[in-house]
Each structure stands twice: as structure tokens, then as C-alpha cells.
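In my numbering, the protein residues as written are 97 to 335. Just so it is clear, CB atoms sit at the ideal spot from N, CA and C, and this is done for glycine as well. Here the structure is a predicted model, which means the values were calculated and not measured. Have a look at the structure below, then the notes.
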């Protein structure tokens, strides 16, 4: 009974972090970040099964980064990438990006995981890929980095602030400069430009259209419709 009591308290606490919206029980993190999350109901041999839309997309090996990149976002994306690799290490993962950027270290956690796993990761810019979002867009598998025609891409140098003693401010300044150099080297790796070219381009906010991003080397292709290869992959996964 003690175990049952603990389970009841845990379940109650979990429910308290959720809320009903239009008759649907929605976890609080989804309510804060996305508002109402649609549910997909599928018929199975065991009856009906309901998924939130992001879990259903995960079955198709689609991972979404929507909104600012925070530590929480990075944790979720990293977990999804690792899970999909464990399921089918040779099958591609499709990363959809619509982000204004965010915390550099959180973005680098996603970046490093993309490079670490064996599954190739294709990237697609939907809406915008700015700041860290643009680096993740460029970090997709060669030939698999795409943008929709009305998206925007932006690169710039990292920013930050510091307060306290002069020595503390100097430490933070060195860290920002080191991070800028690190990010510049990553853009060099994925675009083929010289370090000097990247540094000058990142000096201020540098906005690009999809075609300009392609010329710059951040994406490989600007598309209006889903490529046939991706349609075929989706059909195979459903079987």
C-alpha cells in the first residue's frame, strides 16, 4: 500500500502539472511553449492509440526545433536524436528548424550530438534559422541541408554581458571571444569559406534569403515541395 500511495502521489503531481484545454489533457511544458498540442488518434490491433503530434512525427524520424534554443529544448532534441539512432542507426533523421537562436552552449549540445550519432541528419529551415539556428541548419549532412523559399537565415557573433569585479568581466570577455572563434571555425567547416570571410560576415547581424544562404554555403538546396526521396523514406517507415 505504501508503494501504491507513492504512485498515487506521483501521478497526482504529474496531473497537477497538466491542464485541460478543449477537453484535452496537455502537459504544462506544451501549454507554455506551443499552446494546445493537437493529438493524433490511430487505429491499432489493440484499439485506438493517441499521440501528441510531435510524438507522431518522431515515428517518422522527424525532430522539430521551434522557438528559442534553451537548455530544456536541447535536452529534448538530444534525447530524440539518440533514441532515433538507437532504433535505426543507418536511417536518416529529419530536423526541422524554426528558431531565432538562443543559448550557445545549448545549441552546441545539439550540434555535437548531430555529429556524434551515426544516423545522417538532414536539416530544413522553416520560417527562420537565426544565430545558433543557422549553425544547426548548416550542420546537416552534406547535400541534405535545405530551406523553404520564404524562410530567413541570419548569422552573427555571440553576445553576452558581465558584471562584478574587473577580473570577472575580463574572464567573461575572454570566454565570449573564445566562443566567437569556436563558432567561426564551425562555420568555416560547413561552408568552405575562409576564417576571415566568416569573421567579417558575423561582425553584425547578417540576414540572408534562402538563395543567399545557398550561395553562402549554409544550405545545399532551396525547395518548394518535399523531395521524392523523403516521400519514399516516409512510406518505408510506415510499413
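query, result
"Where do the ends of the beta strand (DSSP E) carrying residue 223 lie?", "217-226"
"When you compare only the Cα positions, how much space is there between residue 119 and residue 310?", "Note on residue 119: pLDDT 39, under 50, position unreliable in the model; the coordinate value appears next. Approximately 45 Å between the Cα atoms of the pair."
"Per DSSP, residue 191 forms a beta bridge with which residues?", "159, 219"
"Could you tell me the alpha carbon to alpha carbon distance between residue 276 and residue 227, rounded to whole angstroms?", "12 Å"
"Taking only the alpha-carbon atoms, compute the straight-line gap between residue 205 and residue 279 and give it to the nearest angstrom.", "13 Å"
"Per DSSP, residue 303 forms a beta bridge with which residues?", "250"
"Does the beta-carbon distance from residue 287 to residue 314 come in below 8 Å?", "yes"
"Enumerate in chain order the residues of its own chain whose CB-to-CB distance from residue 147 is below 6 Å, with the five nearest sequence positions on each side excluded.", "136"
"In terms of DSSP beta bridges, what is residue 319 paired with?", "Residue 319 pairs with nothing; no bridge assigned."
"Apart from the five residues just before and just after residue 223, which ones in its own chain have a Cβ nearer than 7 Å to its Cβ?", "194, 247"
"Apart from the five residues on each side of it in sequence, which residues of its chain come closer than 7 Å, Cβ to Cβ, to residue 254?", "200, 272, 275, 276, 279"
"In whole angstroms, what is the alpha-carbon distance linking residue 156 and residue 256?", "38 Å"
"So if DSSP puts residue 165 in a beta bridge, which residue, or which two residues, is it bridged to?", "198"
"Alpha carbon to alpha carbon, how far is residue 235 from residue 284?", "11 Å"
"Buried or exposed for residue 143, going by 16 or more other Cβ atoms inside 10 Å?", "exposed"
"Bridge partners for residue 137 per DSSP, in chain order?", "146"
"What's the gap between the Cα of residue 229 and the Cα of residue 179?", "22 Å"
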